[in-house]
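Chains as they are written, first to last, in the working numbering: chain G, 17 to 210; chain V, 31 to 393.
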C-alpha cells in the first residue's frame, strides 16, 4: 500500500480498530473530526468541547468494535455523528443548558441509544476506579498496577519499591488492594448513588 | 493463605491440583467466598479497563496534536464547510477561532490572487487579556485611593456589554465568555455582580447574559432601542466600551455594509476600537443600537467591525424555546428616548446600561 492518501472503506476502518491498527485509527480520527467540530461549535460548544466529545465518540466506536458481534447498520459517518450528538446533548442537559441546542435535519441519524447507554455505564465504573486510584495514592496505585497489569513478580516489586524482600512486598500489595477494594466498592459506590 | 492471595494464585494458575480442587469446591459451596472472589475479579477487570481506556485516551490526544494541531483543524473546517456552503458569508467567531477567519480567508483569497496583499490582515478579537501586572497595579491603586472598596482578583479577560431590556439581560461577544468559569459585570453605577450565560450563537459571536441578582435591574429604564433595519453607509455612529476600567467613548461613521471578507452579518466602521471594546454597543446618532462591536483588522487602526442588530434579532428569534425568546425580546424598547438630546446627554443616559465584563476562566 502506498502511504499517501489512503482511502479506507467503513469495513476497513472497523477491522483496523479491531486489530489495533494505529494508522487506521489515525486516518479515521482525521476523517470525521470536522463533522463533529462543526456540529458542536454550531451548538454553543467550544473547540475544546468538540475535541473532548469527539474523542469520547471515537472511544465508543473503538470499544464497540472490539466486540465480535459488532457490526455497523449504517454508514460510519452517520454512526459517529449520532453518537457525538447524543453525548453533547447529554452534556448540555447535565449543565442545564439544553436551550442552547439547535436541532438540525441536515445529517442522518442512527439509533445509537444502546451503545451510548452502555458507554455511560462503563464510564461510571471507570470514573469510580479513577477516584479510587487517586484516593489510594502512591506508591499503592503503581504497585497494584505493576502486579496486576504489568505482571511484575514480588521480587521485582520489592526491588522497584525498595522493600527488603518479596514477603514484605506481598504484604504491601495486600494492604494496598484491600484499600482499593474498600474505595471502589464502598466509598465511591455510595457517592455515585447520591 | 489469605483469600486475596488465594484468588490471585488461582487466577494465575499456580495452585497445586489439590488446592485448586479445594478452592473450586469452596466456590460452589460457600456463597460469601464466591461473592468475594467475584468482587475481586470485578476489581481487577475494572483496573485493567481503566488502564486500557487511559492508553486509548492518550493515543487519541497524541493523534489530535499530531494530525490536527491547534489551528489547522479549524481552518480546514471553515474552508470546507463554511466557505463552500455559505459562499464566504458569516464566520464563526468563538475566541479560539479568531485566527480561523483570517487564515481561511487568506486561503480563499489566495485563489483570487490577493494572497500577498491580504495576508497580514487579521481580524482581532477585542477582549482585553488582562495582564497580571497591570491588573494588580490597578488593584493597588484602588486599594490606596478607596481603602473601603474590595479588591478582587484580576479577571482573565475583560470586555464590554450592554443591556437589551429592563429584565437584566445583556448582550456581549461569545468569544469573551465561551470558556468562562464565571462572569461578572460592573460599571460606575452598578457594583460588580454575577451574570450567567443564557444564550449563545457562536457563528455570530453573540452571547446573551443575565444578571443573576434581580435587584440590580429593578429600576432599569433602558433609553435606547435595538434597530431592526440596517443603517446606511455614511451615518455617524458611536460606541461606548471598557478598554480600560473607565468607560471610553469613540465616534466615527459607518463605512461599509459588510465586514471582514464581505461578511454581510457585520458593518465596517471607522472607529478606532481597542481590546476591551468587544461586546460593546454601536449606536447611531439617534441613540438606536445598530450593532455589537466584534473586532478589528489588525494593522488597520481606525477600522472596526460590528455585528448587525438585525442579525442578532434573527438569531434570538430562532431560539427553539419560546419562553427564553420571549424573555429576551419581550421587554426591549421599540423606540429610543435619546433622539433629541445632545451627545453628552445621550451618553449620560446610556452609561448605566453599558458594562465592563470580567471573565474568569477555568484553569
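Every residue gets a Cβ at the ideal spot worked out from N, C-alpha and C, and that includes glycine. Predicted, not measured: the structure shown is a model, and the values here were computed from it.
Margin query: Check for me: the beta strand (DSSP E) holding residue 63 (chain G) runs from which residue to which?
Written below: Looking at the DSSP string, residue 63 (chain G) is not in any beta strand (DSSP E); the run it does join, the alpha helix (DSSP H), is 63 to 81.
Note to self: Comparing C-alpha positions only, which one of G:41, G:98, G:87, G:28 sits nearest to residue 51 (chain G)?
What the structure shows: G:98
Checklist line | Buried versus exposed call for residue 64 (chain V) [16 or more other C-beta atoms within 10 Å across all chains shown] | finding: exposed
Next item on the list: Measure how close the beta-carbons of residue 368 (chain V) and residue 254 (chain V) come, nearest whole angstrom, since I'm counting them as under 8 Å.
Entry: 6 Å
Check: Which residue comes first and which comes last in the beta strand (DSSP E) that contains residue 216 (chain V)?
Finding: 210 to 216
Next item on the list: Consult DSSP for residue 32 (chain V) and reduce its assignment to one of helix, strand or coil.
Entry: coil
Next item on the list: Could you work out which residue in V:78, V:290, V:380, V:308 is closest to residue 317 (chain V) when comparing CA atoms only?
Entry: V:380
Checklist line | 9 Å Cβ cut-off: residues of chain V touching residue 196 (chain G) | finding: 73, 77
Notebook entry, point to check: In terms of alpha-carbon separation, which member of V:208, V:241, V:209, V:232 lies closest to residue 223 (chain V)?
Noted result: V:241
Checklist line | Any non-hydrogen atom of the ligand SAM within 7 Å of residue 187 (chain V) CB | finding: With respect to small molecules bound, the structure shown includes none, and the ligand SAM cannot be examined in it.
Checklist line | Delimiting residues of the beta strand (DSSP E) encompassing residue 24 (chain G) | finding: Where residue 24 (chain G) is concerned, there is no enclosing beta strand (DSSP E), given that its DSSP letter is neither H nor E.
Margin query: Cutting at 6 Å between CB atoms, please list the residues of its own chain near residue 53 (chain G), excluding the five before and the five after it.
Written below: 66
Next item on the list: Could you say which of G:35, G:56, G:31, G:74 lies nearest to residue 47 (chain G) if we only look at CA atoms?
Entry: G:74
Next item on the list: Run the CB neighbour count on residue 131 (chain G), radius 10 Å, all protein chains shown included, and call it buried at 16 or more, exposed below.
Entry: buried
Next item on the list: Tell me, please, whether the CB atom of residue 345 (chain V) is closer than 8 Å to any CB atom in chain G?
Entry: no
Check: Applying the criterion that 16 or more other CB atoms from any shown protein chain within 10 Å of the CB defines a buried residue, is residue 389 (chain V) buried or exposed?
Finding: buried
Check: Ends of the beta strand (DSSP E) at residue 335 (chain V)?
Finding: 334 to 338
Item checked: Simplified DSSP assignment, three categories, for residue 325 (chain V) -> strand
Next item on the list: List the residues of chain G whose Cβ lies closer than 8 Å to the Cβ of residue 209 (chain V), in chain order.
Entry: 62, 64
Note to self: Am I right that residue 336 (chain V) and residue 323 (chain V) are in contact with their C-beta atoms under 8 Å? What's the rounded C-beta distance?
What the structure shows: 5 Å
Checklist line | Alpha-carbon to alpha-carbon, residue 38 (chain V) and residue 191 (chain G) | finding: 14 Å
Check: Is residue 202 (chain G) buried or exposed, if buried means 16 or more other CB atoms sit within 10 Å of its CB?
Finding: exposed
Notebook entry, point to check: What are the boundary residues of the alpha helix (DSSP H) that residue 73 (chain V) is part of?
Noted result: 61 to 93
Next item on the list: Would you tell me roughly how many angstroms separate the C-alpha atoms of residue 234 (chain V) and residue 61 (chain G), rounded to the nearest one?
Entry: 13 Å
Item checked: Per-residue burial, residue 301 (chain V) [other beta carbons within 10 Å of its own, 16 or more giving buried] -> buried
Notebook entry, point to check: How close, in whole Å, do the beta carbons of residue 168 (chain G) and residue 189 (chain G) come, if the pair is a contact with beta carbons under 8 Å?
Noted result: With a Cβ gap of about 10 Å, residue 168 (chain G) and residue 189 (chain G) do not count as contacting.
Checklist line | Of the residues V:387, V:32, V:391, V:385, the one placed nearest residue 194 (chain G), counting alpha carbons only | finding: V:32
Check: So what does residue 391 (chain V) bridge to, in DSSP terms?
Finding: V:210
Item checked: C-beta neighbour in chain V for residue 181 (chain G), strict 8 Å -> no
Next item on the list: Locate the beta strand (DSSP E) running through residue 192 (chain V), then write down its first and last residues.
Entry: 187 to 193
Next item on the list: Ignore the nearest five residues each way along the sequence and tell me which others in residue 162 (chain V)'s own chain have a CB closer than 8 Å to its CB.
Entry: With a pLDDT of only 41 at residue 162 (chain V), under 50, the local geometry of the prediction cannot be trusted, and no value is derived from it.
Note to self: For residue 283 (chain V), list the residues DSSP reports as bridge partners.
What the structure shows: V:266
Notebook entry, point to check: Can a CB atom of chain G be found closer than 8 Å to the CB of residue 69 (chain V)?
Noted result: yes
Notebook entry, point to check: So what's residue 152 (chain G) in DSSP terms, helix, strand or just coil?
Noted result: helix
Notebook entry, point to check: Should residue 314 (chain V) go down as buried or exposed, given a rule of 16 or more other Cβ atoms within 10 Å for buried?
Noted result: buried
Item checked: Environment of residue 62 (chain V) [buried if 16+ CB atoms lie within 10 Å] -> exposed
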